[in-house]
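Let me begin by presenting the structure, written as structure tokens, before commenting on it.
Now the structure itself:
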């Protein structure tokens with residue numbers, strides 16, 4: 002429902018601008034933007050929507066709006082020796098503050114699984130806690146999100162003060178001696194200082210980093226950065242000495258950044274994973290590494306172009322092939338994503354011979370608004386990023402793949418980013434009065 006006056010005014014202004022700058026198709030509806038039309042045509046040529054009849058270029062135009070840790074590489078062997086020495090001589094070894102960086106495909110996730118197994122078979126599983134900054138990342142390693150771990154001192158509106166000697170916190174962390182933190186690129190300096198604060202309280206060791214607990218970071222700094230935080234590699238000392246920043250009054254958050262940076266600089270072990278485990282194509286690996294650092298060559302472009310469907314050297318001839326049929330299509334724009342999803346649902350419905358279900362949004366307007374059918378259709382076709390995530394036309398079919406965008410139950414792996422499929426449809430018909 003559109004009840005807010007400002008929201009409705011914004012929609013009307015958007016509609017008026019849209020009417021004055023865009024073309025309409027034969028049905029009187031605004032045609033798709035060129036980039037959406039072009040993308041749809043490219044995917045159709047690759048047979049992604051093989052069960053659509055020819056000539057359908059828009060979903061809307063086709064509707065009437067009704068083991069043990071076994072080291073595999075030299076890097077792994079180095080880590081294995083360090084790791085087993087730490088476990089066997091725990092009382093004699095210094096605190097382990099380790100970083101295991103490596104690009105995608107070098108085995109970071111598999112390494113976490115192998116080390117977890119090592120704890121299990123040595124009857125030390127209760128020594129270990131695994132954390133990650135997002136729900137999907139934490140479910141991949143069978144761990145907790147960092148924010149659920151922080152709990153009492155997280156960003157809730159009513160923060161609970163946790164003091165040294167807190168019985169519940171101390172009891173929960175009494176046996177924990179190791180923490181794995183995955184996706185370290187998304188962990189910021191402030192968040193790291195919060196982790197340190199809670200662990201110091203849990204272990205009653207305020208003078209030691211992370212309360213004396215051994216901490217191992219996994220990840221790749223060239224991947225996603227932290228949200229509303231400063232990355233772990235940010236040089237706070239250089240910023241502190243910057244004359245422009247010096248004039249700025251120091252805040253509590255600035256202090257937390259400095260604490261986080263000081264903690265990061267106390268790492269005492271780094272084992273970098275460099276061997277690519279997902280592919281053994283040397284030319285592709287070299288191109289991939291140059292791509293990571295923005296140093297691609299003309300030859301790299303030619304090599305990557307051979308993976309474009311339609312190129313004579315591309316081994317994939319059709320996206321209707323069984324191994325590619327359900328592969329996700331990555332796009333940058335919401336309206337293109339919505340259009341492709343709708344086309345995929347139509348194609349699937351025709352392939353399996355079932356009736357397509359389209360749920361149409363019921364919009365209400367203020368009494369004084371001048372509403373016509375053209376305006377209603379325009380609002381219904383808006384990308385859902387302009388309607389707070391609610392689309393005007395929701396295309397549904399049994400068996401369609403779904404992606405959760407909320408954390409329903411992280412412990413059951415029902416979290417933001419989890420893949421699922423629709424098994425049934427249940428209609429709920431409301432009367433006009435409601």
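Numbering (my numbering), first residue to last: 2 to 435. Glycine included, every Cβ here is placed at the ideal spot set by N, Cα and C. In this text the structure is predicted, and so the values were computed from the model without any measurement.
query	result
Distance between beta carbons of residue 256 and residue 99, contact taken as under 8 Å	Wrong, their Cβ atoms sit about 26 Å apart, outside the cutoff.
Neighbour-count burial assignment, residue 471, 16 or more Cβ in a 10 Å radius	Coverage of the chain is limited to positions 2 through 435, which leaves residue 471 absent and any answer about it impossible.
Nearest candidate by alpha-carbon position, reference residue 310, set 301, 423, 289 and 320	320
Residues near residue 233 in its chain [Cβ-Cβ closer than 6 Å; skip 5 each side]	265
Reduced DSSP secondary structure (H/G/I, E/B, other) of residue 127	helix
Per-residue DSSP class, three states only, for residue 260	helix
Pairwise C-alpha distance: residue 317 and residue 308	8 Å
Coarse secondary structure for residue 213, derived from DSSP in three states	helix
Cβ neighbours of residue 345 in the same chain (closer than 7 Å, five flanking residues each side left out)	50
Nearest-angstrom Cβ-Cβ length linking residue 151 and residue 199, presumed shorter than 8 Å	6 Å
Whether residue 135 touches residue 95 by CB criterion (8 Å)	no
Cβ separation of residue 417 and residue 137, assumed to be a contact under 8 Å, to the nearest whole Å	6 Å
Among 427, 312, 113 and 236, nearest to residue 43 - alpha-carbon criterion	312
Coarse secondary structure for residue 31, derived from DSSP in three states	For residue 31, the predicted structure reports a pLDDT of 49, less than 50, and the residue's modelled location is therefore unreliable. The matter cannot be settled from this model.
Residues near residue 415 by beta carbon distance below 6 Å, same chain, minus five either side	409
Cβ pair residue 395, residue 359 closer than 8 Å	yes
Three CB pairs or more closer than 8 Å across the segment 99–113 and the segment 217–226	yes
Completely contained alpha helix (DSSP H) runs for the segment 264–317, where each covers 4 or more residues	283–293 and 299–306
3 or more residues per run - each beta strand (DSSP E) lying fully within the segment 395–425	402–404 and 420–422
Given residue 140 as reference, the closest of 413, 168, 303 and 226 once Cα atoms are compared	413
Assigned secondary structure, residue 333 (DSSP; H/G/I helix, E/B strand, else coil)	coil
Distance CB(residue 381)-CB(residue 403) smaller than 8 Å	no
The segment 106–116 in contact with the segment 271–290 per 3-pair CB rule at 8 Å	yes
Reduced DSSP category for residue 66 - H, G, I as helix; E, B as strand; rest coil	Residue confidence is low: residue 66 scores 37 on pLDDT, short of 50, so the model does not pin down where it sits. No coordinate-derived value is stated.
Beta-carbon gap between residue 214 and residue 175 smaller than 8 Å	no
From 288, 231 and 127, residue whose alpha carbon lies closest to that of residue 302	288
Selection from 330, 384, 385 and 113 that minimises the alpha carbon distance to residue 182	113
Beta-carbon spacing of residue 349, residue 398 below 8 Å	yes
When 335, 361, 401 and 375 are compared against residue 326, the one with the closest alpha-carbon	401
Euclidean distance between Cα positions of residue 159 and residue 195	Its pLDDT being 49, under 50, residue 159 is placed unreliably by the model, and the measurement read from it follows with that caveat. Each residue's alpha carbon lies about 16 Å from the other.
Rounded Cβ spacing between residue 191 and residue 230 (contact assumed at less than 8 Å)	5 Å
Alpha-carbon to alpha-carbon, residue 351 and residue 428	21 Å
Selection from 283, 294 and 324 that minimises the alpha carbon distance to residue 304	283
Per-residue burial, residue 239 [other beta carbons within 10 Å of its own, 16 or more giving buried]	exposed
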